[in-house]
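Residue 782 is where the sequence shown starts when you use our numbering, and the numbers rise one by one after that.
Note that CB positions come from ideal geometry on N, CA and C, so glycine has one too.
Below: one structure, written as structure tokens.
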Amino acid sequence: MPNHLLFGISPQRSGLVVTELRAVLTMALLRLLAGTLEITAGLLMVKFGRVDTALKINALLGLIGPVILTLVSTVGLLRLSTQLPWPRLCLTALGVFLIFWGTR
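Structure, rendered in structure tokens:
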């Protein structure tokens with residue numbers, strides 16, 4: 782049995798699957814990076830044991846969080862741009878914008 786049938790991948794769409802897998806891996810790695818930064822920041826707060834230092838670390842995390850959200854959303858939207866019709870893609874992008882607007 783050919784590999785493309787074994788794994789449920791048609792030869793015509795194999796490039797699409799790789800691109801989707803690459804997008805998912807990129808999104809997951811960005812989130813893992815963000816989680817690692819959060820855990821490291823928490824450990825640094827405990828290590829320093831001072832409120833003023835903990836607030837500075839927290840401020841840095843406040844800057845990093847939206848950047849990660851933007852990057853992950855951008856990767857996802859770029860991937861969906863080949864699959865979704867423009868009105869739905871714009872609606873999804875508007876939803877991401879509203880998240881930022883609502884949390885400022």
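Any idea what DSSP makes of L872, helix, strand or coil?
helix
On the premise that G876 lies in contact with A804, defined as a C-beta separation below 8 Å, what is that separation, rounded to the nearest angstrom?
Actually they are not in contact, since the Cβ atoms of A804 and G876 sit about 18 Å apart, beyond 8 Å.
When the Cα atoms are used, what is the spatial distance from A874 to W882?
12 Å
Rounded to whole angstroms, what's the CA-CA distance from R831 to A840? Just pull it up for me.
14 Å
Ordered along the chain, which non-local residues of its own chain (more than five positions away) have a Cβ less than 8 Å from that of M826?
Closer than 8 Å at the Cβ level, and outside the excluded window around M826, lie T834, A835, I838 and N839.
Looking at the unbroken alpha helix (DSSP H) that takes in P866, where does it start and where does it end?
From DSSP, P866 is part of no alpha helix (DSSP H); its letter is neither H nor E.
Which class does G883 belong to by DSSP, given the choice of helix, strand or coil?
Annotated three-state conformation of G883 is helix, per DSSP.
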